[in-house]
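Here is the structure we will look at, set down as structure tokens.
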Ligand code: GDP
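Take a look at the structure:
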């Protein structure tokens, strides 16, 4: 399963955020694991479309989809030189599929900041520098090997060499690998390098409770946002400590608390949805009968493989998929109306799934 790793300097609120996530997840009705790695938290993906589908095509229950966050503890300056837990830290990041980069965006004299002052953009750059240095090391090592092989005119080696030579100057200029435009073939090669700065990133400013309802009121958040946008990335603000408190409340208290804060839903929901998207994940639904259920697939997945997510038999015996778009059901108000409008489609093996598809798979057993 794909996982998003929570990364940041010490004392910025990573554990607090991770606790909020796991507490929210611990309440999940269908918690899929009895024992789970303490650094891995499952979350439900909040999706209002489920309620609407349930309203129009009633089933016994609603089952949201889930995905994983991984808590990555302990980066310090010098991680790329193996200082402290440096190597382990970088290794842990290597194993996640996207990075949720948390920075401190709250003032609190009681909580020490590792560099002595709250400066979120400086914090981001400290970590990005470590990741960039580690990548440059990896690229240089790889270059040494590949250059030898490329002398023998090995085609694969030559292709790899070209990609490495494209990456190296970018890293040397202090920019991440994800800022480079690669064509499809190059992308495959880059994937094999497992470079840290090639992973998609979301910047999260941990703002104070006062700024919860409107992060843009925080000057720190503004700085993070500006930096993120300069890289073509997204930033969101979240009040981690408050989110942890909210996650502990029962539904009625939660609603009261959110109303008092002047927000519609926990900030955590925004973070979860943004991370889900960051990982390239999308949702299709099955409806009617026992469950109204959301399923996660990787963007670009075709119908038979999507069917296989439900059950391997569905993929093996795939015949066709009957599909309607959520938006059509929502607009037209009933399955019957969707049919009458000619918007219930029959799709075959080559159909690429689209976010919000409501699907009935037909298969041979
Ligand atoms: P980590 O080292 O990044 O995992 O940081 P922690 O989650 O352990 O947080 C460090 C300290 O900051 C703890 O004492 C938290 O209670 C506190 N903290 C975390 N988020 C906030 C926040 O939004 N506001 C304030 N005032 N304190 C926070």
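In full-length UniProt numbering, the protein residues as written are 2 to 366.
Glycine included, each C-beta is placed from N, C-alpha and C at the ideal position.
Nothing here was measured: the structure is a model prediction, and the numbers come from that model.
Please look up how many angstroms separate the CB atoms of residue i and residue j, rounded, as I've assumed it's under 8 Å.
{"i": "residue 12", "j": "residue 112", "result": "6 Å"}
{"i": "residue 124", "j": "residue 10", "result": "5 Å"}
{"i": "residue 287", "j": "residue 296", "result": "7 Å"}
{"i": "residue 205", "j": "residue 102", "result": "7 Å"}
{"i": "residue 323", "j": "residue 363", "result": "7 Å"}
{"i": "residue 1", "j": "residue 214", "result": "The first residue shown for the chain is 2 and the last is 366, placing residue 1 beyond what the model contains."}
{"i": "residue 290", "j": "residue 60", "result": "6 Å"}
{"i": "residue 321", "j": "residue 348", "result": "7 Å"}
{"i": "residue 330", "j": "residue 54", "result": "7 Å"}
{"i": "residue 164", "j": "residue 131", "result": "Rounded, the Cβ-Cβ distance is 23 Å, inconsistent with contact."}
{"i": "residue 267", "j": "residue 249", "result": "With a Cβ gap of about 11 Å, residue 267 and residue 249 do not count as contacting."}
{"i": "residue 357", "j": "residue 326", "result": "6 Å"}
{"i": "residue 162", "j": "residue 151", "result": "5 Å"}
{"i": "residue 383", "j": "residue 216", "result": "This structure does not reach residue 383, given that the chain is present from 2 up to 366, and the question cannot be answered."}
{"i": "residue 71", "j": "residue 41", "result": "5 Å"}
Which one or two residues does DSSP pair with residue i in a beta bridge?
{"i": "residue 361", "result": "323"}
{"i": "residue 43", "result": "69"}
{"i": "residue 235", "result": "203"}
{"i": "residue 6", "result": "71 and 100"}
{"i": "residue 1", "result": "For the chain, the structure presents residues 2 to 366; residue 1 sits outside this window and is missing."}
{"i": "residue 286", "result": "295 and 359"}
{"i": "residue 346", "result": "324"}
{"i": "residue 190", "result": "None, per the DSSP bridge assignment."}
{"i": "residue 167", "result": "Partner(s): none; residue 167 has no beta bridge."}
{"i": "residue 303", "result": "353"}
{"i": "residue 64", "result": "294"}
For residue i, which of the options has the nearest alpha-carbon?
{"i": "residue 242", "options": "7, 17 and 8", "result": "17"}
{"i": "residue 279", "options": "14, 179, 175 and 170", "result": "179"}
{"i": "residue 361", "options": "305, 146 and 258", "result": "305"}
{"i": "residue 118", "options": "129, 128 and 105", "result": "105"}
{"i": "residue 100", "options": "234, 23, 194 and 316", "result": "234"}
{"i": "residue 219", "options": "157, 47 and 121", "result": "121"}
{"i": "residue 1", "options": "89, 46 and 293", "result": "Lying outside 2 to 366, the shown extent of the chain, residue 1 is not represented and no answer is given."}
{"i": "residue 127", "options": "137, 116 and 136", "result": "116"}
{"i": "residue 430", "options": "333, 161 and 202", "result": "In the structure displayed, the chain extends from 2 to 366; residue 430 sits before or after that span and is not available."}
{"i": "residue 284", "options": "147, 40, 2 and 67", "result": "67"}
{"i": "residue 43", "options": "352, 331, 309 and 276", "result": "276"}
{"i": "residue 69", "options": "186, 166 and 39", "result": "39"}
{"i": "residue 20", "options": "193, 73, 345 and 266", "result": "73"}
{"i": "residue 139", "options": "174, 194, 56 and 246", "result": "194"}
{"i": "residue 177", "options": "129, 89, 309 and 160", "result": "129"}
{"i": "residue 48", "options": "65, 41, 58 and 57", "result": "65"}
{"i": "residue 328", "options": "50, 159 and 221", "result": "50"}
{"i": "residue 56", "options": "246, 22, 334 and 216", "result": "334"}
{"i": "residue 98", "options": "246, 359 and 2", "result": "2"}
{"i": "residue 353", "options": "45, 359, 300 and 144", "result": "300"}
{"i": "residue 107", "options": "240, 153 and 136", "result": "240"}
{"i": "residue 189", "options": "216, 272 and 160", "result": "160"}
{"i": "residue 355", "options": "246, 298 and 144", "result": "298"}
{"i": "residue 191", "options": "346, 253, 136 and 282", "result": "136"}
{"i": "residue 309", "options": "365, 345, 145 and 154", "result": "365"}
{"i": "residue 109", "options": "143, 14 and 148", "result": "14"}
{"i": "residue 359", "options": "58, 343 and 22", "result": "58"}
{"i": "residue 22", "options": "88, 148, 247 and 146", "result": "247"}
{"i": "residue 142", "options": "166, 343, 155 and 282", "result": "166"}
For residue i, verify whether its CB is less than 8 Å away from any heavy atom of ligand 3.
{"i": "residue 51", "result": "The model depicted lacks ligand 3 and carries ligand 1 instead."}
**Prompt:** Does the segment 88-105 come within contact of the segment 3-10, defined as at least 3 CB pairs closer than 8 Å?
**Reply:** Contact between the segment 88-105 and the segment 3-10 is present, because at least three Cβ pairs lie under 8 Å.
**Request:** Specify whether the segment 207-217 and the segment 181-198 touch according to this definition: at least 3 beta carbon pairs, one from each stretch, less than 8 Å apart.
**Result:** Counting Cβ pairs under 8 Å, fewer than three are found: no touch.
**Message:** Does the contact criterion of 3 or more C-beta pairs under 8 Å hold for the segment 213-231 versus the segment 162-181?
**Reply:** no
**Given 8 Å, three or more beta-carbon pairs between the segment 253-271 and the segment 174-194** = no
**Prompt:** With a cut-off of 8 Å, do at least 3 Cβ pairs link the segment 331-341 to the segment 305-317?
**Reply:** no
**Message:** To test your reading of the DSSP string, which unbroken beta strand (DSSP E) runs of 3 or more residues are found completely within the segment 134-158?
**Reply:** Counting whole runs of 3 or more residues, the segment 134-158 contains no beta strand (DSSP E) stretch at all.
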